[in-house]
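Below: the structure, in structure tokens.
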């Protein structure tokens with residue numbers, strides 16, 4: 001009730017006009033399913049539960065401005081509303097309209113501080129090992145064709161497939177012996193190739209090739225298998241690990257082809273990432289609550305640093321660009337630290353990764369800091385006084401500018417300090433550095449981040465972990481409820497909007513921010 005009284009009508013019909021027709025029987029006001037969709041994520045409700053709340057709960061009727069006797073609407077209206085938003089590119093308007101109203105009220109503003117962090121999101125699919133994956137991919141194609149073209153399937157399929165792929169592929173029923181598993185994999189591969197040959201035969205209906213499950217099958221078979229014919233003999237083999245495509249390109253599930261496999265700090269998952277940005281000024285100084293200003297959804301393989309430009313672009317378009325942006329080491333890069341203050345007017349506060357050379361990690365030997373770099377002559381001098389021979393400008397594995405410096409083998413081979421410098425017995429010492437301006441800013445930040453002043457300033461970033469917990473615990477953000485990145489992104493936008501409304505209600509209710517909980521065991525004084 002407080003939300004409606006304080007904010008008034010948030011979602012006017014004209015904001016969604018492009019998604020609805022102008023002829024025929026009038027439909028439900030778009031503002032109502034918009035609010036109900038937000039309510040879904042504020043209370044982690046299904047479509048049916050949300051539609052029932054509209055019929056049964058007085059507070060929801062008040063929020064929507066409905067009569068007590070209003071019968072509500074069918075739950076499929078919510079599905080249709082989401083589809084219309086995505087079809088017309090209006091999903092961002094849900095969060096943007098709220099932020100525009102809050103800007104008018106002075107509760108969000110440009111400048112100040114913001115912080116951003118990400119967390120992993122599981123796709124709405126089950127985890128499969130490699131053998132399960134290929135079997136389930138073939139089964140999904142057969143299932144789709146059985147539904148789309150039953151007559152063609154009766155005439156074309158091998159009767160053995162019905163028994164072999166009639167139920168879902170499960171590791172519980174698969175062989176455990178490695179040789180038997182490889183034999184089964186070859187059988188599945190051969191069946192898949194036979195199905196594809198049938199679908200792409202000149203006599204088959206051309207539209208069968210456009211069935212999404214068939215397209216996925218074709219892609220997966222290219223990624224997972226090699227097929228060779230020698231002297232009329234066909235040989236099908238699993239690709240080795242080194243012959244597989246990178247995770248960013250490899251299909252990880254036949255049911256969500258946009259989900260990707262990723263691994264980070266020991267956690268592996270198939271799905272996506274959500275990046276949340278929120279204001280984090282001291283409420284006592286600004287009289288404003290902490291509110292989410294932007295949300296980004298990427299596949300699981302996208303490096304965090306790659307989304308910062310998009311975040312700054314969108315915050316600029318919303319007139320909510322911060323003066324100070326707190327980020328963890330996954331987002332910071334030399335380019336960002338160097339260009340954000342000059343091109344955006346944003347001061348980025350975040351740690352940079354320490355020197356990750358073997359010598360630095362071991363704490364002995366000659367790390368990068370032991371070398372003197374002459375940028376003008378494009379040479380490096382080692383601690384013994386030898387100079388480098390090769391200076392090659394290029395890019396690293398992430399596409400960032402990098403310079404590779406190499407010392408000649410003839411220089412390093414007889415050096416008495418070689419063991420402290422390199423383990424290579426074939427080549428001389430190699431260094432990789434950033435261009436001069438980027439290298440300088442990295443060294444400056446490395447020096448700053450060890451100071452108490454910098455640590456105090458950066459401490460405010462930790463609060464974004466609470467936002468991630470709220471998204472996971474309140475709205476169920478850990479696992480997407482939809483298939484595909486576009487629908488998952490819409491879910492994340494609704495999640496961010498719901499969290500903002502929850503926080504606004506707490507702000508107007510003068511509910512203090514919760515403090516980090518400490519368990520009784522952790523707080524126990526063992527010195528007593």
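Numbering (full-length UniProt numbering), first residue to last: 1 to 528.
Quick reminder that beta carbons are idealized off the backbone N, C-alpha and C, glycines included.
Q. Helix, strand or coil: which one does DSSP assign to residue 28?
A. Numbered from 1 along the chain shown, position 28 holds the residue referred to as residue 28. Taken through DSSP and simplified to helix, strand or coil, residue 28 comes out as coil.
Q.
Cutting at 6 Å between CB atoms, please list the residues of its own chain near residue 55, excluding the five before and the five after it.
A. Translated into the one-based positions of the chain shown, residue 55 becomes position 55. Cβ within range, chain order: 72.
Q | Range covered by the beta strand (DSSP E) that runs through residue 431 | A | Position 431 of the chain shown, counting from 1, holds the residue named residue 431. Start and end: 430-433.
**Q.** Terminal residues of the alpha helix (DSSP H) in which residue 279 lies
**A.** Translated into the one-based positions of the chain shown, residue 279 becomes position 279. Run containing residue 279: none in the alpha helix (DSSP H); it sits in the beta strand (DSSP E), 267-279.
Q. Taking three-plus beta-carbon pairs below 8 Å as touching, is the stretch 276-288 in contact with the stretch 103-115?
A. The answer is yes - the stretch 103-115 touches the stretch 276-288, with three or more Cβ pairs under 8 Å.
Q) In this structure, does DSSP put residue 263 in helix, strand or coil? A) Within the chain shown, numbered from 1, the residue matching residue 263 stands at position 263. DSSP, read as helix, strand or coil, puts residue 263 in strand.
(Q) Tell me which residue opens and which closes the beta strand (DSSP E) that residue 116 is part of. (A) The sequence position of residue 116 within the chain shown is 116, counting from 1. Note, residue 116: beta strand (DSSP E), 113-122.
Q. Using a Cβ-Cβ cut-off of 6 Å (strictly less than) and excluding sequence neighbours within five positions of residue 432, which residues of its own chain qualify?
A. Start at 1 with the first residue of the chain shown, and residue 432 comes out as number 432. Same-chain partners within the cutoff: 402, 404.
Q) Is residue 510 helix, strand or coil by DSSP? A) Within the chain shown, the letter at position 510 stands for residue 510. It is coil, neither helix nor strand.
Q: Note down, in chain order, each residue of its chain lying with its Cβ closer than 7 Å to the Cβ of residue 406, except the 5 sequence neighbours on either side.
A: For the purposes of this step, residue 406 is taken as residue 406 along the chain shown, with counting starting at 1. Sequence-distant Cβ neighbours of residue 406 in its own chain, meaning closer than 7 Å and more than five residues away, are 388, 389, 390, 428, 430.
Q.
Closer than 8 Å is the cut-off here; do at least three beta carbon pairs connect the stretch 95-105 with the stretch 241-261?
A. No, because fewer than three Cβ pairs between the stretch 95-105 and the stretch 241-261 fall closer than 8 Å, the two stretches do not touch.
Q: Would you mind stating whether residue 248 and residue 301 have Cβ atoms separated by less than 9 Å?
A: Here residue 248 is taken as the residue at index 248 of the chain shown, counted from 1. Here residue 301 is taken as the residue at index 301 of the chain shown, counted from 1. A distance below 9 Å separates the beta carbons of residue 248 and residue 301.
Q: Count the other C-beta atoms from every protein chain shown that fall within 10 angstroms of the C-beta of residue 36, then say buried if there are 16 or more, exposed otherwise.
A: As a working note, residue 36 is residue 36 in the chain shown. By the neighbour-count rule (16 or more Cβ atoms within 10 Å), residue 36 is buried.
Q: Can you tell me which of 32, 75, 65 puts its alpha carbon nearest to the alpha carbon of residue 50?
A: One-based indexing of the chain shown puts residue 50 at position 50. Of the candidates 32, 75, 65, the one whose C-alpha sits nearest the C-alpha of residue 50 is 75.
Q. To the nearest angstrom, how far is it from the Cα of residue 198 to the Cα of residue 145?
A. As a working note, residue 198 is residue 198 in the chain shown. As a working note, residue 145 is residue 145 in the chain shown. Looking at the two C-alpha atoms, the distance is approximately 12 Å.
Q | Under the three-state DSSP convention, the category residue 379 falls into | A | Residue mapping note: residue 379 aligns to position 379 of the chain shown, counting from 1. If DSSP states are grouped into helix, strand and coil, residue 379 belongs with the strands.
Q.
By alpha-carbon positions, which one of 397, 443, 292, 382 ends up nearest to residue 416?
A. Along the chain shown, one-based indexing puts residue 416 at 416. 382 is the residue among 397, 443, 292, 382 whose C-alpha sits nearest the C-alpha of residue 416.
Q) Along the chain, which unbroken stretches of the alpha helix (DSSP H) at least 4 residues long are found entirely within the UniProt domain "Transposase InsH N-terminal" (11-84)? A) The UniProt domain "Transposase InsH N-terminal" (11-84) is shown to contain whole alpha helix (DSSP H) runs of 4 or more residues at 31-43, 47-56, 58-64, in chain order.
Q: Identify whether residue 407 lies in helix, strand or coil by the three-state DSSP scheme.
A: The residue given as residue 407 occupies position 407 in the chain shown. Coil.
Q. Looking at the unbroken alpha helix (DSSP H) that takes in residue 348, where does it start and where does it end?
A. Counting from 1 along the chain shown, the entry for residue 348 is found at position 348. Run containing residue 348: none in the alpha helix (DSSP H); it sits in the beta strand (DSSP E), 347-349.
Q) Who are the Cβ neighbours of residue 384 in its own chain at under 7 Å, not counting the five residues just before and after it? A) Start at 1 with the first residue of the chain shown, and residue 384 comes out as number 384. Around residue 384: 415, 417.
Q. When we look at the beta-carbon of residue 21 and count the other beta-carbons within 10 Å, is it buried (16 or more) or exposed?
A. Taking the chain shown and counting its residues from 1, one reaches residue 21 at position 21. Counting C-beta atoms within 10 angstroms of its own C-beta, residue 21 has fewer than 16 neighbours from the protein chains shown and is therefore classed as exposed.
Q. Where does residue 325 sit, in a helix, a strand or coil, going by DSSP?
A. The residue you call residue 325 lines up with position 325 of the chain shown. In the structure shown, residue 325 sits in a strand (DSSP, three-state: E or B).
Q. Tell me the DSSP bridge mates of residue 225?
A. The residue given as residue 225 occupies position 225 in the chain shown. Answer is 238, bridged to residue 225.
(Q) Closest to residue 88 by C-alpha separation, out of 15, 158, 526, would be which residue? (A) Translated into the one-based positions of the chain shown, residue 88 becomes position 88. Among 15, 158, 526, the Cα nearest to that of residue 88 is on 15.
Q: Given a cut-off of 9 Å, decide if residue 138 and residue 165 are closer than it, judged by their beta-carbon atoms.
A: If you number the chain shown from 1, residue 165 lands on position 165. If you number the chain shown from 1, residue 138 lands on position 138. Yes, the Cβ-Cβ distance between residue 165 and residue 138 is below 9 Å.
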